[in-house]
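Reviewing the structure listed below.
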Amino acid sequence: MEFRVHVDFVKKFRFSRQEIDEMSRLLHLPPVIIAPSGIKIHRFYGLCLVLHCLSWPHRLHDAETIFPMSVSAMSELFNHILKLLYSQWKHVLHWDHVCLTPEFLNRCAQVVLAKGTLLEDTFAFIDGTHMRICWPEQNQEDFYSGQKRYHSIKFQCITTPDAMLVHVGGPFLGWQHDARMLNESRIQPYLLAHARGPDGWQMSVYGDEGYGQSPEVKAPFRGNMLTPEQHQRNESM
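Throughout, the numbering used here is defined as the position within the sequence shown, counted from one, plus 12.
Now the structure itself:
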């Protein structure tokens, strides 16, 4: 298989040809990917297809100018490759025990502290994000966000100072608030058990007011009777 046209890999897929080739191997994709209908594609081109489709605002019809196959074939391959990647790496989306070591979490906390914050144990930030969807034909109220004023599904993400997502939870219904997403994602037990510094102290993530206060999840203090220390911490974050 060859591309229909000359491709600038970085502009089209956000990575160089060598990087995509290496990623396809490191992600443990099979050398030849076979979709349920029997359509085959080399893992390099399969990953290129996925990267193209995930780079907003591209659509499958745009990919016809690059990949020598029909839209229906690309759609099936795209979905099949995503399922392969998810089945192989879904554990990393919740909590990566290999990378999120006490030493790494401590380095992240030091970066946050160096920005002038007053929290010495905060290694990452937690927040929910909306993904807008078409108006559902059924159960519209479940997906409607009164805050955003559109229908959506939501995801909960934890991001470290190096801009890497170390946790992704969801999807959740568009109306669900932060505290409910936090509870349903079941990330708190992982934070309590594994978000520890080199000497075993509890590390935390920081979110907005909806997350409340706990040893593993910090948020701004609320109310009209805050102490000077609480005001100062809110301002520092």
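We put the CB at the ideal spot given by N, CA and C, even for glycine.
- Each of M143, T171, I53 and F27 was checked against the Cα of V217, and the nearest Cα belongs to T171.
- Every unbroken stretch of the alpha helix (DSSP H) spanning 4 or more residues and falling wholly within the region 139-189 is given here in chain order: 152-155.
- Residue pairing by DSSP places S49 in no beta bridge whatsoever.
- By the beta-carbon neighbour count (other beta carbons within 10 angstroms, threshold 16), M215 is buried.
- F233 sits in coil when the DSSP states are folded into three classes, being neither helix nor strand.
- Apart from the 5 residues on each side of it in sequence, L63 sits with its Cβ closer than 6 Å to the Cβ of F25 in its chain, given in chain order.
- Within the same chain, and ignoring the five residues on either side of S164 in sequence, the residues whose Cβ sits closer than 7 Å to its Cβ are H142, M143, R144, I145, F155, S157 and G186.
- Taking C-beta separations shorter than 7 Å and ignoring five residues to either side along the sequence, the partners of S248 in its chain run G128, T129 and L130, following chain order.
- Judged by DSSP in its simplified three-state form, A207 adopts coil rather than helix or strand.
- Between I46 and F90, the alpha-carbon positions lie close to 11 Å from each other.
- Going by C-alpha positions, I32 is about 31 Å away from I199.
- Here the region 81-98 makes no contact with the region 115-127; the two share fewer than three CB pairs at distances below 8 Å.
- Excluding the 5 residues flanking it on each side, Y223 has same chain C-beta neighbours closer than 7 Å at I138, D190, A191, L194, V229 and A231, in chain order.
- Approximately 6 Å separates the beta-carbon atoms of F167 and P183; this is inside 8 Å, confirming the contact.
- Pairing I93 with F27, the inter-Cα distance amounts to about 18 Å.
- In the structure shown, S216 falls within a strand segment according to DSSP collapsed to helix, strand and coil.
- The C-beta of C111 has fewer than 16 other C-beta atoms within 10 Å across all chains shown, which makes the residue exposed.
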